[in-house]
């Protein structure tokens with residue numbers, strides 16, 4: 042009994058051990074997958090970036106284009122992905138890049154809602170995220186973002202699912218080892234949205250996170266939910282300094 | 618939406634080989650997949666693709682269900698003369714796609 046109590050205490054320890062040195066996702070991918078990501082022509086994610094560029098210049102329901110307000114060359118989007126998720130003052134809540142783009146579509150273009158994982162939403166997100174490629178993640182976890190950050194941290198260490206594992210057990214304590222045939226990375230969000238060969242499509246970070254919940258046979262929080270946004274903020278803080286590499290390619 | 622990317626060097630010296638790279642956005646549905654409600658997703662793949670330089674056919678390909686989504690092709694040609702390189706394809710639903718690039722032989 043005493044032993045059990047001691048074990049339970051260790052499991053709820055607050056600050057998880059962070060990976061060091063920080064290694065981006067591609068370092069855990071096979072050389073062919075890494076080469077595919079590095080090749081701007083063959084990287085299939087670039088199809089979504091190209092499509093996003095078309096949507097950037099296409100009029101919304103009210104005739105306004107993203108390009109009208111943010112510039113045709115999208116230079117104003119440089120660094121934007123690196124500071125998301127963030128507490129957006131105009132929305133009064135924590136939002137990720139996908140949520141911010143959706144807010145612009147409804148608020149500034151009067152366009153009908155896009156489903157999170159729709160091809161158009163992914164294309165716009167990939168296009169905007171691509172503008173930050175190479176820039177270091179630099180999120181803010183202070184002020185109004187603090188509460189979400191702390192929630193993200195506690196979700197990160199909470200054991201879930203039938204396998205009763207937390208994110209930290211795989212991505213902090215077992216990175217570099219393999220799970221079945223798959224090398225476990227440090228779990229950084231920097232390559233997302235990414236083209237996943239298993240999906241044969243580009244997919245969002247939230248879809249990837251839901252797959253991790255599924256993997257431990259836990260209830261999967263909805264894409265765009267406060268839980269996943271909070272986790273995303275915690276992940277971004279852990280990845281602080283690593284470069285945005287969207288669109289990544291993953292197995 | 619038939620989105621594709623074609624990459625080829627715009628100018629090449631006579632007699633030299635040049636690489637043509639092509640990436641086509643397509644789900645390449647195998648016909649074996651089901652929706653979450655159990656309905657079968659019908660097979661829909663890019664079944665044939667032709668590449669011509671001017672009037673000369675330089676590549677013809679036929680695909681089945683074994684090709685991954687968003688197929689990527691790369692091949693080499695020795696362009697006999699300057700001209701427009703045109704790639705055209707069609708899928709099982711009858712949707713056609715086309716991309717083109719100009720090659721100058723110097």
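Residue numbers (this note's numbering), protein chains in the order written: chain A, 42 to 292; chain B, 618 to 723. For every residue, glycine included, the Cβ atom is placed at its ideal position computed from N, Cα and C.
Those runs of the beta strand (DSSP E) which lie wholly inside the stretch 180–255 of chain A and span at least 3 residues: Whole beta strand (DSSP E) segments, 3+ residues: 235–237, 242–244.
Alpha carbon of residue 286/A to alpha carbon of residue 138/A, nearest angstrom: About 15 Å.
Residue 630/B versus 718/B, 700/B, 703/B, 696/B, residue with shortest Cα-Cα distance: Comparing Cα-Cα distances from residue 630/B to each of 718/B, 700/B, 703/B, 696/B, the minimum goes to 696/B.
Burial state of residue 84/A (16 or more Cβ within 10 Å): The residue in question, residue 84/A, is buried, as its Cβ has 16 or more Cβ neighbours within 10 Å.
Whole-number beta carbon distance between residue 57/A and residue 219/A, since they are thought to touch under 8 Å: Between residue 57/A and residue 219/A the Cβ distance is about 21 Å, and since that is not below 8 Å, they are no contact.
Chain B contact for residue 249/A (CB, 8 Å cutoff): So no, residue 249/A is outside the interface.
Buried versus exposed call for residue 69/A [16 or more other C-beta atoms within 10 Å across all chains shown]: By the C-beta density criterion, residue 69/A is buried, having at least 16 other C-beta atoms within 10 angstroms.
Chain-ordered chain B contacts of residue 222/A [CB-CB under 9 Å]: By Cβ distance, chain B contributes nothing, its closest Cβ being about 19 Å from residue 222/A, past 9 Å.
Under 9 Å by beta carbon: chain A residues contacting residue 676/B: For a Cβ distance threshold of 9 Å, nothing in chain A lies close to residue 676/B: the least Cβ distance comes to about 18 Å.
Residue from 167/A, 61/A, 74/A whose Cα sits closest to the Cα of residue 239/A: Among 167/A, 61/A, 74/A, the Cα nearest to that of residue 239/A belongs to 74/A.
Chain A residues whose Cβ lies nearer than 7 Å to that of residue 686/B: Within chain A, the residues near residue 686/B are 241, 242.
Neighbour-count burial assignment, residue 168/A, 16 or more Cβ in a 10 Å radius: Label assigned to residue 168/A: buried.
Contact with chain A by residue 651/B, beta-carbon distance below 8 Å: At least 8 Å separates the CB of residue 651/B from every CB of chain A.
Near-chain B residues of the stretch 126–152 of chain A - C-beta to any C-beta below 9 Å: Those residues of the stretch 126–152 of chain A that come within reach of chain B (Cβ to Cβ, closer than 9 Å) do not exist; the list is empty.
Complete beta strand (DSSP E) runs within the stretch 632–680 of chain B (minimum length 3 residues, chain order): Those beta strand (DSSP E) runs which fall completely within the stretch 632–680 of chain B and span 3+ residues are 635–641, 663–670, 673–679.
Where the stretch 71–104 of chain A meets chain B: residues whose CB sits under 8 Å from a CB there: Those would be 82, 83, 85, 87, 88, 91, 92, in chain order.
Paired residues, beta bridge with residue 713/B - DSSP: The bridge partners DSSP lists for residue 713/B are 707/B.
Selection from 242/A, 212/A, 221/A, 193/A that minimises the alpha carbon distance to residue 229/A: Measuring from the Cα of residue 229/A, the nearest candidate turns out to be 212/A.
Any C-beta of chain E under 8 Å from that of residue 715/B: This model lacks chain E altogether, as its protein chains are A and B.
Exposure of residue 231/A, with buried meaning 16 or more beta-carbon neighbours within 10 Å: Under this definition residue 231/A is a buried residue.
Where residue 656/B meets chain A, residues with beta-carbon distance less than 9 Å: For residue 656/B, there are no C-beta contacts with chain A under 9 Å, since the nearest C-beta of that chain is about 19 Å from it.
Proximity below 8 Å, CB of residue 712/B to CB of residue 694/B: The beta carbons of residue 712/B and residue 694/B sit no closer together than 8 Å.
Under 8 Å between C-beta atoms of residue 157/A and residue 245/A: For residue 157/A and residue 245/A, yes; Cβs fall inside 8 Å.
Buried or exposed (CB count within 10 angstroms, at least 16 for buried), residue 242/A: Around the beta carbon of residue 242/A, 16 or more other beta carbons lie within 10 angstroms, which makes this residue buried.
Residues bridged to residue 722/B (per DSSP): Partner(s): 629/B.
Residue-chain proximity (residue 702/B, chain A), Cβ-Cβ < 8 Å: Using beta-carbon distances, residue 702/B does not count as an interface residue toward chain A, since no partner is under 8 Å.
Identity of the residue in 723/B, 721/B, 691/B, 698/B nearest residue 624/B by Cα: The shortest C-alpha separation from residue 624/B is found at 691/B.
Length of the line joining the Cα atoms of residue 80/A and residue 637/B: In this structure, the alpha-carbon of residue 80/A lies about 15 Å from that of residue 637/B.
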